[in-house]
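Colleague:
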Amino acid sequence: MTEGEVIYQLGFLKITQEGLVKGLLISFRLFILILATSLLTLATSTI
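Numbering (the UniProt record's numbering), first residue to last: 1 to 47.
(1) DSSP state of Thr37, grouped into three classes?
(2) What span of residues does the beta strand (DSSP E) with Ile7 cover, start to end?
(3) Need the endpoints of the beta strand (DSSP E) that Thr16 sits in, please.
(4) Quick one: what does DSSP say Ile32 is sitting in, helix, strand or coil?
(5) How long is the line joining the alpha carbons of Val6 and Ser38, rounded to whole angstroms?
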């Protein structure tokens, strides 16, 4: 679990500033990976 300043808490679920930043960075990296593989697939001709 990520420690840090709690932004929002709903029951046992705590959203922290550091956790939110880490989540956004992971989402951005996944988006870039999908974009790169799509571009590679579209730029490669089929046999």
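Just so it is clear, CB atoms sit at the ideal spot from N, CA and C, and this is done for glycine as well.
Modeller: Taking the structure as given:
(1) Numbered from its first residue, the sequence shown carries residue 37 at position 37. Of the three classes helix, strand and coil, the one that applies to Thr37 here is helix, per DSSP.
(2) Your numbering for residue 7 matches position 7 in the sequence shown. Unbroken beta strand (DSSP E) run through Ile7: 6-10.
(3) Indexing the sequence shown from 1 puts residue 16 at position 16. Segment 13-16, the beta strand (DSSP E) holding Thr16.
(4) Translated into positions along the sequence shown, residue 32 becomes position 32. Residue state, collapsed to three classes: helix.
(5) For the purposes of this step, residue 6 is taken as residue 6 along the sequence shown, with counting starting at 1. For the purposes of this step, residue 38 is taken as residue 38 along the sequence shown, with counting starting at 1. Computed Cα separation, rounded: 37 Å.
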